[in-house]
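One structure is given here, and the rest of the page talks about it.
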DNA sequence: ACCTGAACACCGTTCAAGT
DNA sequence: ACCTGAACACCGTTCAAGT
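Protein chains in written order, with the working numbering: chain E, 1 to 201; chain C, 1001 to 1201.
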């Protein structure tokens, strides 16, 4: 394990333990037994180190989505599985999640990071595409529909992680809300032959 | 204008000009001609000052939504108007937007801030409710549907503001994506008597 | 009640110097 | 090629002291 890899691993651990502000170059260096400016020999600055952490996680997510997409099964359960993986990642690693999907300074770095993010996005879009071929989701532009679903997913996770979506207030969990979204979108894609009403009993 | 009000105004101006990291207590104090720790006589700490900035903006948004809701007009155009106001706020004041809707440390403060945020949310939910009475949106639980629409809106704005949703890649703008969402949700609420297809001409 | 100046314990970053 | 220690210019926060 190279020093650079150890720095990335230590930064990720500090991120999980104490949030972004806990990832100081001094703490990262101390965690692997080097001085507080040894990281500068491997990364341009603190932002580049955090970007390296993000790239690793984007690749993990891409692999997870690829495994789901190529697995056997119906498209809609596979989508639900992918959504659950993503929601769980956001809940279990909120600081990492924010780094990947909600930190403006990190995204501004572009380069390898942006490409890794796009690979994750396109792998996810493949799962959406399968749902469209079976008419479980509407036959609009795949990239537009993926953007919409992904943005909803992100919004739910970000609002929940920031404490702005409290279940006590009767608001739904990300999982429930995504279930609602796919159900409603599915209804618009495949209008029921027998008109069902949700209000009466 | 009290010193406290001047501090809040100066903090908001610094936020717009240079982002959250530009809002240092030294810069805020200097902007209104007091020392760098004068703010401590009016706010508990830096976070409380930022929370005060957020509260002012939540109230502005609440008022804007209330004006739209009580205006004359059809529910669906009123919703579109509210969405545009929100999207424009996010685009024109990205740092303020993040403070209100995406900063975990600020939301953790609770109290008056949380109440101001809830008032904004409930005002928005009233506009959604009108669209549900006219069957322009599905007749599911109002709070669940509002959560879903609001989370989508937030996700789109946050991803765009962070540079993660690039139009060059064929991804839609928040405005276009929200149009798609309301159209699709509308179709599920009010299945067309004459089945229209979007693919043919 | 409101404000100031000095001080403390942190930061990221740079740089000369070492191996 | 990789690392260190000192130094610099910042931070937020605390505190004794002033009016």
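C-beta: ideal position from N, C-alpha, C; glycine also.
Asked	Found
Taking CB distances under 8 Å as the criterion, tell me whether residue 1011 of chain C reaches chain E.	no
Here's the rule: buried if 16 or more other CB atoms are within 10 angstroms of the residue's CB, otherwise exposed. What is residue 1182 of chain C?	buried
Any beta carbon of chain E sitting closer than 8 Å to that of residue 1129 of chain C?	no
Closer than 7 Å by C-beta to residue 1094 of chain C: which residues in its own chain qualify, once you throw out the five before and the five after it? Chain order, please.	1161
Can you tell me whether residue 1082 of chain C is buried or exposed, with buried defined as 16 or more other CB within 10 angstroms of its CB?	buried
So which of E:88, E:29, E:33 has the shortest CA-CA distance to residue 174 of chain E?	E:88
Identify every run of the alpha helix (DSSP H) within the segment 1059-1099 of chain C, keeping only runs that are complete inside it and at least 4 residues long; order them along the chain.	1075-1092
Going along chain E, which residues have a C-beta under 8 Å from residue 1117 of chain C?	164
Just to check my reading of the structure: residue 134 of chain E and residue 75 of chain E have Cβ atoms closer than 8 Å, yes? What is that Cβ distance to the nearest angstrom?	5 Å
Going straight from the alpha carbon of residue 10 of chain E to that of residue 1005 of chain C, what length do you get?	43 Å
Please name the residues in the segment 1088-1101 of chain C whose beta-carbon is closer than 8 Å to at least one beta-carbon of chain E, in chain order.	1094, 1098, 1101
Between the segment 1130-1141 of chain C and chain E, which residues of the former have CB atoms less than 7 Å from a CB of the latter, in chain order?	1138, 1139, 1140
Measure the beta-carbon distance from residue 1032 of chain C to residue 1112 of chain C and round it to whole angstroms, keeping in mind my assumption that it falls under 8 Å.	About 22 Å; that fails the 8 Å criterion.
Here's the rule I'm using: 16 or more other beta-carbon atoms within 10 Å means buried, otherwise exposed. How should residue 72 of chain E be labelled?	exposed
Whole angstroms is fine: what's the gap from residue 16 of chain E's alpha carbon to residue 77 of chain E's?	30 Å
Closer than 8 Å, CB to CB, is residue 1022 of chain C near chain E or not?	no
Out of curiosity, what's the CA-to-CA distance linking residue 1061 of chain C and residue 1124 of chain C?	9 Å
Can you find a C-beta in chain E that's less than 8 Å from the C-beta of residue 1080 of chain C?	no
Can you list, in chain order, the residues of its chain with a C-beta nearer than 6 Å to that of residue 129 of chain E? Leave out the 5 residues immediately preceding and following it.	142
Check the Cβ-Cβ distances between residue 15 of chain E and every residue of chain C, and say whether any is below 8 Å.	no
Would you decide whether residue 155 of chain E is buried or exposed? Buried here means 16 or more other CB atoms lie within 10 Å of its CB.	buried
Taking just the CA atoms, how far does residue 132 of chain E sit from residue 65 of chain E?	17 Å
Our contact map puts residue 1172 of chain C next to residue 41 of chain E with C-beta atoms below 8 Å; I'd like the distance itself, whole angstroms only.	Incorrect: roughly 43 Å between the Cβ atoms, too far for contact.
State the DSSP-derived secondary structure class of residue 1103 of chain C, mapped to helix, strand or coil.	coil
Please decide whether residue 1063 of chain C counts as near chain E, where near means a Cβ-Cβ distance under 8 Å.	no
Show which residues of chain E have a CB atom less than 8 Å away from the CB atom of residue 1075 of chain C.	What residue 1075 of chain C touches in chain E: nothing, since even the nearest Cβ is about 18 Å away.
Tell me which residues share the same chain as residue 109 of chain E and place their Cβ nearer than 8 Å to its Cβ, disregarding the 5 neighbours each side in the sequence.	47, 48, 51
Going along the chain, which residues of its own chain have a beta-carbon closer than 6 Å to the beta-carbon of residue 1101 of chain C, five neighbours each way excluded?	1154
Compare the C-beta of residue 1113 of chain C with all C-beta atoms of chain E and state if any pair is closer than 8 Å.	no
State yes or no: is the beta carbon of residue 1152 of chain C nearer than 8 Å to at least one beta carbon in chain E?	yes
Considering only their Cβ atoms, is the gap separating residue 57 of chain E from residue 98 of chain E smaller than 8 Å?	no
Below 6 Å CB to CB, which residues in the same chain sit around residue 165 of chain E once its five sequence neighbours on both sides are set aside?	159, 171
If we ignore side chains and look at the alpha-carbon of each, how far apart do residue 1039 of chain C and residue 122 of chain E end up?	48 Å
When you compare each of C:1003, C:1107, C:1151 to residue 1043 of chain C by their alpha carbons, which one comes out closest?	C:1003
Anything in chain E within Cβ reach of residue 1126 of chain C, meaning under 8 Å, just list it in chain order.	Under the 8 Å cutoff, chain E gives no residues; its nearest Cβ is about 15 Å from residue 1126 of chain C.
What residues in the segment 1042-1060 of chain C bring their beta carbon closer than 8 Å to a beta carbon of chain E?	none
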